[in-house]
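To start, the structure under review is shown below, and the notes come after it.
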Amino acid sequence: MPHFRRTSTARLDPRGPLVFDTRNLPRRPGSARTETRTVPAPAGLRTGMAGVPEGSDLRLDVTLESVSDGVLVTAKAAAPVTGECARCLEPVTQTIEVSFRELFSYEQGAGDEDEDGYALDGDLLDLEPVLRDALVLALPLAPLCRQDCPGLCAECGALLAQVGPDHGHDRANDPRWAGLRQQMTQAGPDGSPAPETREESGRGRP
Ligand SMILES: [Zn+2]
Ligand SMILES: [Zn+2]
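Quick note on the working numbering: the sequence shown kicks off at 1 and runs consecutively.
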């Protein structure tokens, strides 16, 4: 029973937003063509704290270039990213830009599928997996609403950016600590605690 390998070929849809047609790119090394597209972001572009919203505008600048064994794709992409600030958890919106270059071979290796490479499907190439890898790698691991985001107050959880720099929980003014503080200040010559300490340090003697 022959086993038919299903490669990437559920046959690409030439109208797919990330499918590029190389038919009008002469298979002569050196020929090149540049294309600019804005496409809806595919789903699943997300890591822990940030992601590209599905359907948002991805801007692509793509150069397709014939080389001896395939089509070399050089691309730049810009995508909006939304997430949560890693310090204060407020919403963050920013744009990431990535550049990448990938060879799409004319033929898949005669025998085994080349796991590392991409191949043309007829005249078509699907940029989605390459673009996806590049974007996910570029997503910020710890997005910040601003570089100097002061985060949250460790004691009460207040947004330090809102409550201002004077916000604090000064222990000196906390009644629970007042008694202890008084004892510590009084531990001077007249404060009864630890007379032995004074005897040990010979410097106090006349
Ligand atoms: Zn923040
Ligand atoms: Zn606080």
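Think of the CB as a built atom: it goes at the ideal place given N, C-alpha and C, for glycine as much as any other residue.
- Taken from the Cβ of arginine 87, at least one heavy atom of ligand 1 lies inside 6 angstroms.
- Runs of the beta strand (DSSP E) lying entirely within the stretch 15-58, each at least 3 residues long, are 19-21 and 32-40 in chain order.
- For the pair aspartate 61 and serine 105, the CB atoms are not nearer than the 7 angstroms cut-off.
- Taking C-beta atoms as the reference points, alanine 41 and glutamate 65 fail to come closer than 7 angstroms.
- For serine 68, no pairing in a beta bridge is given by DSSP.
- Exclusion of the five residues before and after arginine 146 leaves no residue of its chain whose Cβ lies closer than 7 angstroms to its Cβ.
- Fewer than three pairs of CB atoms, one per stretch, sit closer than 8 angstroms, so the stretch 46-56 makes no contact with the stretch 11-27.
- Between the C-alpha atoms of glutamine 162 and alanine 138 there is a straight-line separation of about 30 angstroms.
- Under the three-state reduction of DSSP output, alanine 158 falls in the coil class, being neither helix nor strand.
- The continuous alpha helix (DSSP H) containing proline 129 extends over residues 128-138.
- Between proline 143 and cysteine 153, the alpha-carbon positions lie close to 19 angstroms from each other.
- Within the chosen limit of 6 angstroms, ligand 2 does not reach the beta carbon of alanine 43 with any heavy atom.
- Between the stretch 81-95 and the stretch 114-134, the count of Cβ pairs shorter than 8 angstroms is below three; the stretches do not touch.
- In chain order, Val81, Gly83, Leu139, Pro140 and Pro143 place their CB closer than 6 angstroms to the CB of alanine 50, counting only its own chain and leaving out the 5 sequence neighbours on each side.
- Sorting Arg23, Ala79 and Gly164 by C-alpha distance to the C-alpha of valine 39 places Ala79 at the top.
- Beta-bridge analysis with DSSP links glutamine 94 to Val81.
- Contact between cysteine 88 and glycine 164 does not hold, since the beta-carbon distance rounds to 14 angstroms and is not under 8 angstroms.
- Beta-bridge partners assigned by DSSP to leucine 60: Arg37 and Ala77.
- Relative to ligand 1, cysteine 149 has its C-beta within less than 6 angstroms of a heavy atom.
- Residue environment for alanine 43: exposed (fewer than 16 other C-beta atoms within 10 angstroms of its C-beta).
- Within the DSSP secondary-structure output, glutamate 107 pairs in no beta bridge.
- In this structure arginine 101 touches threonine 74 by the C-beta definition: roughly 5 angstroms separates them, less than 8 angstroms.
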